[in-house]
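Structure (structure tokens):
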């Protein structure tokens with residue numbers, strides 16, 4: 021039995037075992053007991069994850085993949101070959117009650133992610149950053165580069181800042197289309213996120229998200245102009261930082277800016 025890749029699910033099944041092994045080896049598997057694999061397909065990556073010292077939950081919305089993993093795939097592995105608990109679940113990572121599933125314990129995330137929801141997966145991870153210490157996976161190359169981009173680059177934007185507020189990001193390697201079935205029309209990129217030791221923000225998280233998104237929605241303008249809708253005081257907007265464009269600000273500068281905006285709102289009440 022083979023699982024047919026479904027276009028509407030953005031499926032491109034990885035065929036290369038060496039790359040699957042590299043992705044599996046990109047996490048430390050230290051400090052947590054649980055791992056979620058998103059979109060296991062026919063288990064090319066899953067087989068290497070089963071050798072790791074974690075409880076694995078392989079999560080897919082594709083019922084055909086679930087059936088395959090629970091029948092053909094499981095038959096390949098004896099209990100002795102599987103290091104920890106292995107569960108295959110028909111669920112959507114974006115809507116699953118993950119905190120409840122793992123009883124508020126920490127878990128890592130890994131996968132060959134469907135391109136059409138990969139950015140949403142990152143934002144879900146950011147939302148659950150207090151529970152997710154590590155993350156690794158395959159994206160469309162440009163998306164992976166954007167997440168890992170540094171200030172000053174053309175690809176540096178909302179996803180870069182909000183991810184890097186909580187995680188150290190690292191672009192690991194590029195993957196060519198021919199190692200997938202069916203091959204995508206673009207290169208892929210594998211990245212790793214490791215949660216910062218001090219991931220508690222020194223500013224209001226909700227306000228930071230608003231400031232970053234508002235600023236980059238008009239990225240060619242200065243911060244002074246792009247944040248006009250926030251109705252900031254003239255005293256605050258006279259500061260030198262407001263002369264910069266959003267891509268010129270580091271993550272720490274965005275956090276500092278958010279603190280100043282918060283203080284400005286309080287003082288003008």
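In my numbering, the protein residues as written are 21 to 289.
Just so it is clear, CB atoms sit at the ideal spot from N, CA and C, and this is done for glycine as well.
Keep in mind it's a predicted model, so treat the numbers as computed, not measured.
Query raised in the report: Would you report the Cα separation of residue 223 and residue 279, rounded to the nearest angstrom?
Result: In the chain shown, the residue the question calls residue 223 occupies position 203. In the chain shown, the residue the question calls residue 279 occupies position 259. For residue 223 and residue 279, the distance between alpha carbons rounds to 5 angstroms.
Query raised in the report: Counting pairs of Cβ atoms below 8 angstroms between the stretch 149-169 and the stretch 80-90, do you hit three or more?
Result: no
Report task. Leaving out five residues on either side along the sequence, give the residues of the same chain with a beta carbon under 8 angstroms from the beta carbon of residue 212. Result -> By 1-based counting over the chain shown, the position of residue 212 is 192. These residues qualify, in order along the chain: 46, 47, 154, 155, 156, 189, 190, 192.
Query raised in the report: Can you list, in chain order, the residues of its chain whose CB lies under 6 angstroms from that of residue 176, leaving out five sequence neighbours each side?
Result: On the chain shown, residue 176 is found 156 positions in, with the first residue counted as 1. Excluding positions up to five away in sequence, the list reads 169, 267.
Query - Option in 196, 217, 200, 204 with minimal Cα separation from residue 184 - result: Taking the first residue of the chain shown as 1, we reach residue 184 at position 164. The candidate whose alpha carbon is nearest that of residue 184 is 217.
**Report entry** Alpha carbon of residue 36 to alpha carbon of residue 284, nearest angstrom
**Finding:** The sequence position of residue 36 within the chain shown is 16, counting from 1. The sequence position of residue 284 within the chain shown is 264, counting from 1. Approximately 54 angstroms, taken between the alpha carbons.
Requested in this report: Could you have a look at residue 132 and say whether DSSP puts it in helix, strand or coil?
Outcome: Taking the first residue of the chain shown as position 1, residue 132 is located at position 112. Three-state result, residue 132: strand.
Query raised in the report: Taking the C-alpha atoms as reference points, what is the distance between residue 125 and residue 51?
Result: One-based indexing of the chain shown puts residue 125 at position 105. One-based indexing of the chain shown puts residue 51 at position 31. In a straight line, the C-alpha of residue 125 is about 11 angstroms away from that of residue 51.
Query - Length at least 3, wholly inside the stretch 35-85: the beta strand (DSSP E) runs in chain order - result: 54-58, 75-80
Report task. Determine the contact status of residue 57 and residue 76, defining contact as a CB-CB distance below 8 angstroms. Result -> The count along the chain shown starts at 1 and reaches residue 57 at position 37. The count along the chain shown starts at 1 and reaches residue 76 at position 56. Yes, they are a contact pair.
Query raised in the report: Just the Cα atoms here: how many angstroms apart are residue 249 and residue 242?
Result: Mapped onto the chain shown, residue 249 falls at position 229. Mapped onto the chain shown, residue 242 falls at position 222. Taking the straight line joining both Cα atoms gives about 13 angstroms.
Query raised in the report: Mind checking whether the beta-carbon of residue 214 lies closer than 7 angstroms to any heavy atom of the ligand SAH?
Result: In the structure shown, the ligand SAH is absent, as is every other ligand, since no ligand is present at all.
Requested in this report: Return the chain-ordered ranges of every alpha helix (DSSP H) run that is complete within the stretch 123-176 and spans a minimum of 4 residues.
Outcome: 138-147, 161-168
**Report entry** Rounded separation between residue 195 and residue 131 - CA only
**Finding:** Here residue 195 corresponds to residue number 175 of the chain shown, with the count starting at 1. Here residue 131 corresponds to residue number 111 of the chain shown, with the count starting at 1. Approximately 14 angstroms between the Cα atoms of the pair.
Query raised in the report: Which residue from 78, 108, 71, 166 puts its Cα closest to that of residue 129?
Result: Here residue 129 is taken as the residue at index 109 of the chain shown, counted from 1. Closest option to residue 129, Cα to Cα, is 78.
**Report entry** Short Cβ contact (8 angstroms threshold) for residue 122 with residue 54
**Finding:** Here residue 122 corresponds to residue number 102 of the chain shown, with the count starting at 1. Here residue 54 corresponds to residue number 34 of the chain shown, with the count starting at 1. Contact flag set, yes.
Query raised in the report: Helix, strand or coil: which one does DSSP assign to residue 187?
Result: The count along the chain shown starts at 1 and reaches residue 187 at position 167. Strand at residue 187.
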